[in-house]
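Notes to accompany the following structure.
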Ligand code: AMP
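Numbering (the working numbering), first residue to last: 962 to 1348.
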């Protein structure tokens, strides 16, 4: 077993890791940390849950070493949630040095972010749109960036951020080291690498090792009508204390949350109709275990990292197999076991086949023969004021 010291990290950094309960490198960390420390550009394919954030955050902390309070590392991510998650890991792993970091994302005021930038930061973690606004406002200068990371590059592409990313890169020093992490490396990603990177080394970790290995995945054939009752039944049956329920739309998230509350289950919801500050408060409470069931849409749950999540329930299946993989990756974190249930109606069977192709195995059908007694279904979701 390789140790973090053997990968080239210094003792203080390793100690900070130990304090965070991390003692052994994951495969992606083993493969990328030495390359990054050696100054190479790296293009890595790694899923969420593989330890990919630490794979770049640790060598960045190691390389920056002392605070200089000018931006020297920049991480671009597709969503606010991922920005916060990445920031959380930088904070945990840099306890021993006085490096300062800031997250820049939209949906919230500029003032606090601008103040932090003006005070001086070493590390910026940002979504492209908001970072570009700050550049335009002359709030930050990227000419001294030494390490530049594109995290979840495939998502940045899919979400249409590439034009902004290109503009941002044009402001970053050409002397930089560039790292790119992506769930998949396809021809689009390779083209971006060709444009922005200097002879990158490609690192792939075997997706079957990172992905659903630790996650038991089960499909449950349901009718739309029986979903609510089955959900409440599963939560009770499995005594769930930290579970994430995915719905396809914001309205359905509210619907499901209301039905769970009707059934006496303490549930909260996050989606884009809920303000950023409220979402953060809800997530904090969920992390602290103050309520057991969080109902979310895909966008709101992106980057969500709560190691305690034991179950993911796809109340609605996502259309894309990649979204399925991202969703179930919320459980089975950092080597823990996890369980994912997916409700599948007859019309959605083709989606299951796409998912099975993506993950390279068949999903278990529900072993039990269930008799779900549907609760009374209201014809319209009851209106509830969203905070
Ligand atoms: P990520 O793949 O970056 O989303 O990380 C998933 C989770 O794994 C986070 O909670 C990390 O703090 C945690 N983690 C990162 N590296 C390790 C490691 N070497 N051993 C155990 N947990 C880790």
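Glycine is no exception: its CB is placed at the ideal position from the N, C-alpha and C atoms.
Whole angstroms is fine: what's the gap from residue 1347's alpha carbon to residue 1315's? In the chain shown, counting from the first residue as 1, residue 1347 sits at position 386. In the chain shown, counting from the first residue as 1, residue 1315 sits at position 354. For residue 1347, the pLDDT reaches just 43, beneath the cut-off of 50, and the residue's location in the model is therefore unreliable, although a value from the coordinates is still provided. Cα to Cα, the separation comes out at about 35 Å.
Where does residue 1326 fall in DSSP's three states? Translated into the one-based positions of the chain shown, residue 1326 becomes position 365. Strand, per DSSP.
Can you find at least 3 beta carbon pairs, one from the segment 1028-1042 and one from the segment 1078-1086, that sit closer than 8 Å? With the cut-off at 8 Å, the segment 1028-1042 and the segment 1078-1086 touch.
Taking 7 Å as the cut-off, is the beta-carbon of residue 966 closer than that to any non-hydrogen atom of the ligand AMP? To locate residue 966, count along the chain shown from 1; it is residue 5. Result no, Cβ not under 7 Å from the ligand AMP.
Does the beta-carbon distance from residue 1138 to residue 1107 come in below 8 Å? Position 177 of the chain shown, counting from 1, holds the residue named residue 1138. Position 146 of the chain shown, counting from 1, holds the residue named residue 1107. Yes, they are a contact pair.
Could you tell me if the beta carbon of residue 1277 falls within a distance shorter than 7 Å of some heavy atom in the ligand AMP? Within the chain shown, numbered from 1, the residue matching residue 1277 stands at position 316. Every heavy atom of the ligand AMP is 7 Å or more from the Cβ of residue 1277, so no.
Pick from 1079, 1238, 1000, 1289 that is closest to residue 1266, judged by C-alpha positions: On the chain shown, position 305 is the one that residue 1266 refers to. Taking only the C-alpha atoms, the option nearest residue 1266 is 1289.
Going by DSSP, name the residue or residues bridged to residue 1182. To locate residue 1182, count along the chain shown from 1; it is residue 221. Its beta-bridge partners are 1305.
DSSP state of residue 1172, grouped into three classes? The residue you call residue 1172 lines up with position 211 of the chain shown. Because residue 1172 carries a pLDDT of 42, less than 50, the predicted location of this residue cannot be relied on, and the following value inherits that uncertainty. In this structure, residue 1172 counts as coil in the three-state DSSP scheme.
Between residue 1149 and the rest of its own chain, which residues show a CB-CB distance below 7 Å, the 5 nearest in sequence each way excluded? For this step, residue 1149 is matched to residue 188 along the chain shown. Hits under 7 Å: 1118.
I'd like to confirm the pairing. Which residues does DSSP put opposite residue 1143 in its beta bridges? Along the chain shown, read from residue 1 onward, the residue named residue 1143 stands at position 182. DSSP lists 1006 as partners of residue 1143.
For the structure I just gave you, are there three or more beta carbon pairs, one from the segment 986-1003 and one from the segment 1045-1064, closer than 8 Å? no
Near residue 1276, which residues of its chain fall below 7 Å by C-beta distance, leaving aside the five closest residues on each side in sequence? On the chain shown, position 315 is the one that residue 1276 refers to. Cβ within range, chain order: 1188, 1192, 1206, 1207, 1208, 1217, 1304.
At which residues does the beta strand (DSSP E) containing residue 1298 begin and terminate? Here residue 1298 refers to the residue found at position 337 when the chain shown is read from its first residue. Careful: residue 1298 lies outside any beta strand (DSSP E) and carries neither H nor E.
Comparing alpha-carbon positions, which option in 1153, 1125, 1014 lies nearest residue 1091? By one-based count along the chain shown, residue 1091 stands at place 130. Answer by Cα proximity: 1125.
Option nearest residue 1259 by Cα separation, candidates 1157, 1241, 1248, 1278: The residue you call residue 1259 lines up with position 298 of the chain shown. Ranking 1157, 1241, 1248, 1278 by Cα distance to residue 1259 puts 1278 first.
Are residue 1228 and residue 1256 close, meaning C-beta to C-beta below 8 Å? Here the question's residue 1228 lines up with position 267 in the chain shown. Here the question's residue 1256 lines up with position 295 in the chain shown. Taking 8 Å as the Cβ cut-off, residue 1228 and residue 1256 qualify as a contacting pair.
Nearest residue (CA-CA) to residue 1130, options 1154, 1115, 1120, 1143: Residue numbering aside, residue 1130 sits at position 169 when the chain shown is read from its first letter. Of the candidates 1154, 1115, 1120, 1143, the one whose C-alpha sits nearest the C-alpha of residue 1130 is 1154.
Length of the line joining the Cα atoms of residue 1074 and residue 1065: Here residue 1074 is taken as the residue at index 113 of the chain shown, counted from 1. Here residue 1065 is taken as the residue at index 104 of the chain shown, counted from 1. Cα-Cα distance, rounded: 6 Å.
Residue 1230 - partner residues in DSSP beta bridges: Locating residue 1230 in the chain shown gives position 269, where the first residue counts as 1. 1256, per the DSSP bridge assignment.
Could you tell me if the beta carbon of residue 1013 falls within a distance shorter than 7 Å of some heavy atom in the ligand AMP? Numbered from its first residue, the chain shown carries residue 1013 at position 52. Yes, Cβ of residue 1013 sits closer than 7 Å to a heavy atom of the ligand AMP.
Inter-residue Cα distance where the pair is residue 980 and residue 1047: Position 19 of the chain shown, counted from the first residue, corresponds to residue 980. Position 86 of the chain shown, counted from the first residue, corresponds to residue 1047. Their backbone Cα atoms lie some 18 Å apart in a straight line.
With DSSP collapsed to three states, give me the class of residue 1125. Looking up residue 1125 in the chain shown gives position 164. It is helical.
The ligand AMP heavy atoms versus the CB of residue 1294: any closer than 7 Å? As a first step, residue 1294 must be located in the chain shown, where it is residue number 333. Checking every heavy atom of the ligand AMP against the Cβ of residue 1294, one is found closer than 7 Å.
When you compare only the Cα positions, how much space is there between residue 1181 and residue 1302? Counted from its first residue, the chain shown places residue 1181 at position 220. Counted from its first residue, the chain shown places residue 1302 at position 341. So the alpha carbons of these two residues sit roughly 7 Å apart.
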